[in-house]
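Taking it in order: structure first as structure tokens, then the write-up.
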Amino acid sequence: MENVSLGADLVKMGALMGAGLACTGMGGAAIGIGHVVGNYLSGALRNPSAAGGQTATMFIGIAFSEALGIFSFLVALLLMYAQ
Amino acid sequence: MAAEHAESGFNIFPMDQFVIKPLFGGDSLTWYTPTNQALWMGVAIVAIVLLLVIGTRGRALVPTRTQSIAEVFYNFTYKMIEDINGKAGLKYFPQIMTLFTFLVFANILGLVPYSFTVTSQAAVTVLLAITVFLSVTIIGLVKNGAGFLKVFWISSAPLPLRPILAIIEVISYFVRPVSHSIRLMGNMMAGHAVIMVFAGFAGALGIFAAFPVVAIMAVYGLEVIVAFIQAYVFAILTVIYMNDALHPGSH
Numbered sequence: 006m007e008n009v010s011l012g013a014d015l016v017k018m019g020a021l022m023g024a025g026l027a028c029t030g031m032g033g034a035a036i037g038i039g040h041v042v043g044n045y046l047s048g049a050l051r052n053p054s055a056a057g058g059q060t061a062t063m064f065i066g067i068a069f070s071e072a073l074g075i076f077s078f079l080v081a082l083l084l085m086y087a088q
Numbered sequence: 089m090a091a092e093h094a095e096s097g098f099n100i101f102p103m104d105q106f107v108i109k110p111l112f113g114g115d116s117l118t119w120y121t122p123t124n125q126a127l128w129m130g131v132a133i134v135a136i137v138l139l140l141v142i143g144t145r146g147r148a149l150v151p152t153r154t155q156s157i158a159e160v161f162y163n164f165t166y167k168m169i170e171d172i173n174g175k176a177g178l179k180y181f182p183q184i185m186t187l188f189t190f191l192v193f194a195n196i197l198g199l200v201p202y203s204f205t206v207t208s209q210a211a212v213t214v215l216l217a218i219t220v221f222l223s224v225t226i227i228g229l230v231k232n233g234a235g236f237l238k239v240f241w242i243s244s245a246p247l248p249l250r251p252i253l254a255i256i257e258v259i260s261y262f263v264r265p266v267s268h269s270i271r272l273m274g275n276m277m278a279g280h281a282v283i284m285v286f287a288g289f290a291g292a293l294g295i296f297a298a299f300p301v302v303a304i305m306a307v308y309g310l311e312v313i314v315a316f317i318q319a320y321v322f323a324i325l326t327v328i329y330m331n332d333a334l335h336p337g338s339h
């Protein structure tokens, strides 16, 4: 009887630890977004008249790099709440 | 809903808001049961019709307020397609406009309290992404025949490298609907789950509940921005994929 409840608790502990580890993926996404926006800013401050046309490209770049951070957050949420 | 959870020590159930429930009670969920998801998709469509059809009914040359909002949607999508696809892409303007307007309205309506975010369901976003993928492939094959395969053959790369690049391009072409759908679904689900988790904190803190409420306000503002941006990214990626179908091999 103790073995059964220990097994279920162990699964839950493993899932929660995995959820915590999965959150480190969001750091990469934050660095990626900072990189894109930083490059856009440095280019826009050198050439302000050409900056307006590239805001669309910047937003697409932000969305792509944020998507991967959201994937890792999704894995963490699924591990925490949807075993 | 909370009664169905096992006694686990967590009192916060942020994933309960994503469960599809029948509207009029009962247990069975068949394909003809009115659910909360169907209701909120209907509300989005009614709102779109109210804005676009009734708002522009006057057809004034100097637009009224509602008409100018409808014109903003139209002009935005028109410029987006014309910038990327040229005149040939404007034939597919109705599909892109439908996608973009529906996504903006569905995402924003999900932020109303007590509502259901339709685009946080994998079923909805995967269906939209598969529709985009199938329409791009079929339009590309019908318009270009076998020349559509020039999409995978990058002519601006050195010749020995092209077979490897072709394999990579094929794989990335078939992964497109996966990333297209999960991007929208993950963003919507993550935002709403974070709001619900903070709400659980606010419930548990008692007198210090002001701090999580301020955090909820900040996340809510971010969610409004994310709602617009995710609808825009979905639409503009559809336009970019359609560019592959209309002008294959223009790398």
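Chains A and B supply the protein sequences, listed in that same order.
For the first sequence, the working numbering assigns the number 6 to the initial residue and increments by one for each residue that follows.
For the second sequence, the working numbering assigns the number 89 to the initial residue and increments by one for each residue that follows.
Positions of the beta carbon are idealized from the N, C-alpha and C atoms, including for glycine.
Kindly say whether Tyr-86 of chain A, judged by its beta-carbon, lies nearer than 9 Å to any beta-carbon of chain B.
In the first sequence, counting from the first residue as 1, residue 86 of chain A sits at position 81. Answer yes: the Cβ-Cβ gap between Tyr-86 of chain A and chain B drops below 9 Å somewhere.
So that I know if they touch, is there some Cβ in chain A lying closer than 9 Å to that of Leu-325 of chain B?
Translated into the one-based positions of the second sequence, residue 325 of chain B becomes position 237. It does; some Cβ of chain A falls within 9 Å.
What's the C-alpha gap between Gly-130 of chain B and Pro-248 of chain B?
Counted from its first residue, the second sequence places residue 130 of chain B at position 42. Counted from its first residue, the second sequence places residue 248 of chain B at position 160. Roughly 54 Å between the two C-alpha positions.
In three-state terms, what does DSSP make of Pro-201 of chain B?
As a first step, residue 201 of chain B must be located in the second sequence, where it is residue number 113. It is coil, neither helix nor strand.
Would you check if the distance between the CB atom of Gly-228 of chain B and the CB atom of Leu-334 of chain B is smaller than 9 Å?
The residue labelled residue 228 of chain B in the question sits at position 140 within the second sequence. The residue labelled residue 334 of chain B in the question sits at position 246 within the second sequence. Result yes, Cβ atoms of Gly-228 of chain B and Leu-334 of chain B sit closer than 9 Å.
Please report the straight-line C-alpha distance between Thr-189 of chain B and Val-302 of chain B, rounded to a whole angstrom.
Sequence index remark: in the second sequence, residue 189 of chain B carries index 101 (1-based). Sequence index remark: in the second sequence, residue 302 of chain B carries index 214 (1-based). The alpha-carbon atoms of Thr-189 of chain B and Val-302 of chain B are separated by roughly 31 Å.
Would you call the region 315-331 of chain B in contact with the region 159-176 of chain B, where contact means no fewer than 3 C-beta pairs closer than 8 Å?
yes
Count the other CB atoms, across all protein chains shown, that sit within 10 Å of the CB of His-40 of chain A; report buried if there are 16 or more and exposed otherwise.
Here residue 40 of chain A refers to the residue found at position 35 when the first sequence is read from its first residue. Exposed, by the Cβ-count rule.
Chain A contact for Gly-274 of chain B (CB, 9 Å cutoff):
Here residue 274 of chain B refers to the residue found at position 186 of the second sequence. By this cut-off, Gly-274 of chain B is an interface position.
Residue(s) in a DSSP beta bridge with Pro-110 of chain B
Within the second sequence, the letter at position 22 stands for residue 110 of chain B. B:Thr-123, per the DSSP bridge assignment.
In three-state terms, what does DSSP make of Ser-96 of chain B?
Your numbering for residue 96 of chain B matches position 8 in the second sequence. Confidence at Ser-96 of chain B is low in this model, with a pLDDT of 49, below 50, so its placement is unreliable and the value that follows should be read with caution. In this structure, Ser-96 of chain B counts as coil in the three-state DSSP scheme.
I'd like to know whether the C-beta atoms of Thr-29 of chain A and Ser-70 of chain A end up nearer to each other than 9 Å.
Stepping through the first sequence from its first residue, residue 29 of chain A is reached at position 24. Stepping through the first sequence from its first residue, residue 70 of chain A is reached at position 65. It is not a contact, given that the beta carbons lie outside the stated cut-off.
Starting from the beta carbon of Val-192 of chain B, find every residue of chain A whose beta carbon is closer than 9 Å, and list them in chain order.
Residue 192 of chain B sits at position 104 when you count from the first residue of the second sequence. By Cβ distance, chain A contributes nothing, its closest Cβ being about 15 Å from Val-192 of chain B, past 9 Å.
Could you tell me the distance, in whole angstroms, from the CA atom of Phe-106 of chain B to the CA atom of Ala-56 of chain A?
If you number the second sequence from 1, residue 106 of chain B lands on position 18. If you number the first sequence from 1, residue 56 of chain A lands on position 51. Rounded to whole angstroms, Phe-106 of chain B to Ala-56 of chain A spans 40 Å at the Cα level.
Check Asp-332 of chain B in the structure and name its three-state DSSP category.
By 1-based counting over the second sequence, the position of residue 332 of chain B is 244. Of the three classes helix, strand and coil, the one that applies to Asp-332 of chain B here is helix, per DSSP.
Tell me which residues share the same chain as Val-239 of chain B and place their Cβ nearer than 6 Å to its Cβ, disregarding the 5 neighbours each side in the sequence.
Position 151 of the second sequence holds residue 239 of chain B. Around Val-239 of chain B: Asp-332 and Pro-336.
When you compare the region 178-194 of chain B with the region 311-319 of chain B, are there three or more beta-carbon pairs, one atom per stretch, that lie closer than 8 Å?
yes
Are the region 306-316 of chain B and the region 264-280 of chain B touching, with three or more C-beta to C-beta distances below 8 Å?
yes
Residues in the same chain with beta-carbon distance under 8 Å from Ala-132 of chain B, minus the five sequence neighbours each way, listed in chain order, please.
Within the second sequence, residue 132 of chain B is the residue found at index 44, counting from 1. Taken in chain order, the residues that qualify are Phe-190, Phe-193, Ala-194, Leu-197 and Val-206.
Check whether the region 210-217 of chain B touches the region 263-272 of chain B, taking contact to mean three or more Cβ pairs, one atom from each stretch, closer than 8 Å.
yes
Is Leu-26 of chain A close to chain B, meaning its C-beta is less than 9 Å from at least one C-beta of that chain?
Residue 26 of chain A sits at position 21 when you count from the first residue of the first sequence. Leu-26 of chain A does not count as touching chain B.
What are the residues of the region 275-290 of chain B that lie near chain A, defined by any Cβ-Cβ distance shorter than 8 Å?
Asn-275, Met-277, Ala-278 and Ala-281
Give the interface partners of Tyr-320 of chain B over in chain A, defined as CB-CB distance under 8 Å, in chain order.
Taking the second sequence and counting its residues from 1, one reaches residue 320 of chain B at position 232. The contacting residues are Phe-64.
Using only alpha-carbon positions, find the residue among B:Thr-152, B:Gln-183 and B:Ile-256 that is nearest to Ile-242 of chain B.
On the second sequence, residue 242 of chain B is found 154 positions in, with the first residue counted as 1. Minimum Cα distance to Ile-242 of chain B is reached at B:Ile-256.
So is Arg-271 of chain B in contact with chain A if we call contact Cβ pairs under 9 Å?
In the second sequence, counting from the first residue as 1, residue 271 of chain B sits at position 183. For Arg-271 of chain B, the answer is yes, since a Cβ of chain A falls inside 9 Å of its Cβ.
If we count the other Cβ atoms within 10 Å of its Cβ and call it buried at 16 or more, is Asn-128 of chain B buried or exposed?
One-based indexing of the second sequence puts residue 128 of chain B at position 40. Contrary to the premise, residue 128 of chain B reads as Trp rather than Asn in this sequence. It is buried - the Cβ of Trp-128 of chain B has at least 16 other Cβ atoms within 10 Å.
Limits of the alpha helix (DSSP H) - the one that Ala-217 of chain B falls within
Indexing the second sequence from 1 puts residue 217 of chain B at position 129. Unbroken alpha helix (DSSP H) run through Ala-217 of chain B: 210-232.
Under 9 Å between C-beta atoms of Phe-161 of chain B and Leu-140 of chain B:
Position 73 of the second sequence holds residue 161 of chain B. Position 52 of the second sequence holds residue 140 of chain B. Yes. Within cutoff.
Specify the secondary structure class of Ser-116 of chain B as computed by DSSP and reduced to three states.
For the purposes of this step, residue 116 of chain B is taken as the residue at position 28 of the second sequence. Coil.
Give me the Cα-Cα distance between Val-42 of chain A and Met-63 of chain A, rounded to the nearest whole angstrom.
Position 37 of the first sequence, counting from 1, holds the residue named residue 42 of chain A. Position 58 of the first sequence, counting from 1, holds the residue named residue 63 of chain A. So the alpha carbons of these two residues sit roughly 7 Å apart.
Does the beta carbon of Met-22 of chain A sit closer than 9 Å to a beta carbon anywhere in chain B?
In the first sequence, the residue the question calls residue 22 of chain A occupies position 17. For Met-22 of chain A, the answer is no, since every Cβ of chain B falls outside 9 Å of its Cβ.
Give the C-beta separation of Ala-146 of chain A and Ser-267 of chain B to the nearest angstrom, bearing in mind that I take them to be a contact with Cβ-Cβ under 8 Å.
This structure does not reach residue 146 of chain A, given that chain A is present from 6 up to 88, and the question cannot be answered.
What whole-angstrom Cβ distance do Val-340 of chain B and Phe-286 of chain B have, given they're in contact under 8 Å?
No statement about residue 340 of chain B is possible, as the shown extent of chain B runs from 89 to 339 and does not include it.
Pull up the distance between the alpha-carbon of Met-284 of chain B and that of Gln-209 of chain B, whole angstroms please.
By one-based count along the second sequence, residue 284 of chain B stands at place 196. By one-based count along the second sequence, residue 209 of chain B stands at place 121. Going from the Cα of Met-284 of chain B to the Cα of Gln-209 of chain B covers about 17 Å.
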